[in-house]
Amino acid sequence: MVLALLYLEEYRTVSGVAGPLVILEKVKGPKYQEIVNIRLGDGSTRRGQVLEVDGEKAVVQVFEGTSGIDNKYTTVQFTGEVLKTPVSIDMLGRIFNGSGKPIDNGPPILPEAYLDISGSSINPSERTYPEEMIQTGISTIDVMNSIARGQKIPLFSAAGLPHNEIAAQICRQAGLVKRLDKTKNLLEGGEEDNFAIVFAAMGVNMETAQFFKRDFEENGSMERVTLFLNLANDPTIERIITPRIALTTAEYLAYECGKHVLVILTDMSSYADALREVSAAREEVPGRRGYPGYMYTDLATIYERAGRIEGRKGSITQIPILTMPNDDITHPTPDLTGYITEGQIYIDRQLQNRQIYPPINVLPSLSRLMKSAIGEGMTRRDHADVSNQLYANYAIGKDVQAMKAVVGEEALSSEDLLYLEFLDKFERKFVAQGAYDTRNIFQSLDLAWTLLRIFPVSFSTVSPRRPWISSTAGKPPLTEKHNNLPHICSIFVGMNYN
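Number 506 marks the last residue of the sequence shown (the working numbering); no jumps.
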């Protein structure tokens, strides 16, 4: 390797600089995605990557910015290598910049391997269907939008909403859910050592970066977190490689170290803007709202790195967070993200204005793989039915609330008033949750049952062939008189569903 480096040619053929790009002429055999070393006239060095090749012409994106690069003293060396990042189990508990260099004043990382940041393609036939649940400690997510190990599910937010606080809360509280004993509601403790979090922040300001660092360190979650920080004043091009370095680290922890890794990427809107900036500098034909036409494919190269592989113990679960400009869910970034991922969690501004935290609106939220993460043996037998009943009652309650605004409360029936009562209690007691209030899945399910107690059994919209219905076999049938009692559901609360 040392001998090979001696024969690397250097070029002084810089013909132009355009934003984060450097154009070189008369280059012999440049390769796409090849890494180059750039030496400036003052002796400082920078790294770049070949973005485009046209004969002897090469377009290079510079990771550290193009300030100070000229066509007289700047030399460029082509290495013949692709961009690789060092990885190690010792990266847990450490803080890195967007290029993967330590910034926490700790000792240097001794790499166990150097891996291509683009990752290796996963054979579709080797993928394992995502199963079992990752618990976030947030009731609206765990009960109604359960996340399976290996799933990719984004958080749709907007400017001014507490997505950073929710991301930090998930990092503090997240863990694995698995039963030890079917007769008890227990979390498995044995696999907690195999859980890790890779957190990548892109385009954040210094205040937000300090918030994440301080929160992780003060709450003791830093030891299982690898934190990558790309600041708003860092080079734009670095923002494009940050999520790829984070995912490469996650793949090593998952597939080589056997850990179940949760990857949180924030803010993917900043990533998309960086992609648009580079595309404009290359003078490519713009797509919708100026974003490149290949953005769908580019986002897929990030999101599709989540999953599980047959024969490997670990898994990679992704929660990308993005801010929708002007709260517009049809914006290209959330729109394309929704096509690739398996659901979404929607942060609502109206709930935020009413001082409800976390302001997660469950109606537009969806987890497409929830069915494989819940149920008997994974969470609880009544989980799916409780979730469906909560959705039904909340949706009806919202309709009644809209009708009340038109006809007034006096025109509502007693049934309508019950739904309004449920709507209020659901938002104040179930959705609302303190930033440091951790609820495991079983506590959240029990809380859901206490809310459903305000309805008589006849209000149930789920199928009668349900666990709690069959559990009443051999008991006297309910009469019409009983059905009219608003607290009749209390006889089902506290039953053993295991």
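Heads up, the beta-carbon is just placed ideally off N, CA and C, and yes, glycines get one too.
So, using beta-carbon positions, are residue i and residue j closer together than 8 angstroms?
i: G383; j: A392; result: yes
i: T244; j: V206; result: no
i: M303; j: P340; result: yes
i: R252; j: G106; result: no
i: I103; j: L283; result: no
i: D432; j: V408; result: no
i: T331; j: D281; result: no
i: I353; j: I272; result: no
i: G88; j: V70; result: no
i: R316; j: G127; result: no
i: I462; j: L426; result: yes
i: A314; j: K160; result: yes
i: A308; j: I348; result: yes
i: N202; j: A240; result: no
i: E60; j: R290; result: yes
i: F434; j: Y399; result: no
i: T370; j: M152; result: The sequence shown places Val at residue 370, not Thr. Cβ distance < 8 angstroms, so V370 and M152 count as in contact.
i: I180; j: T83; result: Note that residue 180 is Arg in the sequence shown here, rather than Ile. No, they are not a contact pair.
i: L453; j: R389; result: no
i: L270; j: T216; result: no
i: A156; j: P132; result: no
i: F430; j: L455; result: no
i: F86; j: P119; result: no
i: E231; j: G405; result: no
i: T257; j: M411; result: no
i: T250; j: M210; result: yes
i: A176; j: A208; result: no
Here's the rule: buried if 16 or more other CB atoms are within 10 angstroms of the residue's CB, otherwise exposed. What is residue i?
i: G266; result: exposed
i: I310; result: buried
i: S8; result: Because the chain in this structure spans residues 9 to 506, residue 8 falls outside the shown range and cannot be described.
i: K34; result: exposed
i: M503; result: Its pLDDT being 41, under 50, M503 is placed unreliably in this model, and the value from its coordinates should be taken loosely. Looking at its Cβ environment, which holds fewer than 16 other Cβ atoms inside 10 Å, M503 is exposed.
i: E18; result: exposed
i: L163; result: buried
i: S23; result: exposed
i: D50; result: exposed
i: I327; result: buried
i: K190; result: Its pLDDT being 49, under 50, K190 is placed unreliably in this model, and the coordinates cannot settle the point.
i: N113; result: exposed
i: L5; result: In this structure the chain extends from 9 to 506, so residue 5 is not present and cannot be described.
i: A26; result: exposed
i: Y40; result: exposed
i: D356; result: buried
i: G298; result: exposed
i: D150; result: buried
i: I97; result: exposed
i: Q358; result: exposed
i: G416; result: exposed
i: Y444; result: exposed
Taking DSSP's pairing of strands, which residues face residue i in a bridge?
i: T274; result: A209 and I329
i: M411; result: For M411, which the question treats as bridged, DSSP gives no partner whatsoever.
i: N369; result: Y354
i: Q159; result: Q159 pairs with nothing; no bridge assigned.
i: T136; result: R316
i: N238; result: M210
i: S323; result: H268 and R316
i: M141; result: A156 and V185
i: L374; result: Q352
i: A204; result: V269
i: S165; result: T331
i: T93; result: L123
i: V151; result: V151 pairs with nothing; no bridge assigned.
i: V233; result: I205
Closer than 8 angstroms, CB to CB, is residue i near chain C or not?
i: S154; result: Of the chains in the structure shown, none is chain C; there is only one protein chain.
Is it a yes or a no for the stretch 19-33 touching the stretch 65-75, going by three-plus beta-carbon pairs under 8 angstroms? yes
Closer than 8 angstroms is the cut-off here; do at least three beta carbon pairs connect the stretch 315-331 with the stretch 258-267? yes
At a cut of 8 angstroms, does the stretch 387-404 reach the stretch 363-379 through at least three beta carbon pairs? yes
Along the chain, which unbroken stretches of the beta strand (DSSP E) at least 3 residues long are found entirely within the stretch 96-120? 103-105
Examine the Cβ distances between the stretch 114-128 and the stretch 85-99 and report whether three or more of them are shorter than 8 angstroms. yes
Determine contact between the stretch 360-368 and the stretch 432-448, defined as no fewer than three beta-carbon pairs at a distance below 8 angstroms. yes
For the pair the stretch 71-84 and the stretch 217-228, tell me if three or more CB-CB distances fall below 8 angstroms. no
Below 8 angstroms, how does it come out for the stretch 176-187 and the stretch 136-150: are there three or more Cβ pairs, yes or no? yes
Secondary structure, alpha helix (DSSP H): runs of 4+ residues fully inside the stretch 10-91: 10-14
Whole runs of the alpha helix (DSSP H) within the stretch 418-474, excluding any shorter than 4 residues: 422-433 and 449-460
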